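Q: Residue numbers (the numbering used here): 2 to 120.
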């Protein structure tokens, strides 16, 4: 399971449109359809009903398994977003230069031990 495919599946369910999902992700409708087939193959479940197309409009409906998959996809994508934010926050927090100014005797005798503990 790839996050990109999961995100595309989630967007497909939210939009109910292969066309809009394709535009959102900068791919073709065929690529969205292929992604859905790949996700279903990997999940080993049919996630979307495929009834006969009605003139001018194709019906999009999740199976019971698809609904469960969609709910978990929402949570996985939320957690992935939280992870990205947390890692970005840590990177900003843990970076930078610390400058110390101490007298010679403290810098020579006490500071090395304190720096080791700090690291």
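Note that beta-carbon positions come from the ideal geometry of N, C-alpha and C, so glycine has one too.
This structure is a prediction, so every number in the text was calculated from the model and none was measured.
What residues in its chain sit with their C-beta under 7 Å from that of residue 67, if we drop five residues either side in the sequence?
A: Here the set comprises 48 and 49.
Q: Do the region 32-42 and the region 11-24 touch if we need at least three Cβ pairs shorter than 8 Å?
A: Contact holds: three or more Cβ-Cβ distances are below 8 Å.
Q: Under three-state DSSP, which class holds residue 49?
A: DSSP places residue 49 in strand when its eight states are reduced to three.
Q: Answer with buried or exposed for residue 119, where buried requires no fewer than 16 other C-beta atoms within 10 angstroms of its C-beta.
A: Exposed, by the Cβ-count rule.
Q: Can you check DSSP and say which residues form a bridge with residue 62?
A: DSSP output for residue 62 lists 50 as bridge partner(s).
Q: According to DSSP, is residue 27 part of a helix, a strand, or is it coil?
A: Coil at residue 27, not helix or strand.
Q: Which residue marks the beginning of the alpha helix (DSSP H) containing residue 114, and which one marks its end?
A: Per DSSP, residue 114 belongs to the alpha helix (DSSP H) from 112-119.
Q: Starting from the C-beta of residue 26, find all residues in its chain whose C-beta is less than 6 Å away, skip the five residues before and the five after it, and write them out in chain order.
A: Cβ within range, chain order: 9.
Q: Give every residue of the same chain whose Cβ lies closer than 7 Å to the Cβ of residue 74, excluding the five residues on either side of it in the sequence, and list them in chain order.
A: Taken in chain order, the residues that qualify are 7, 10 and 11.
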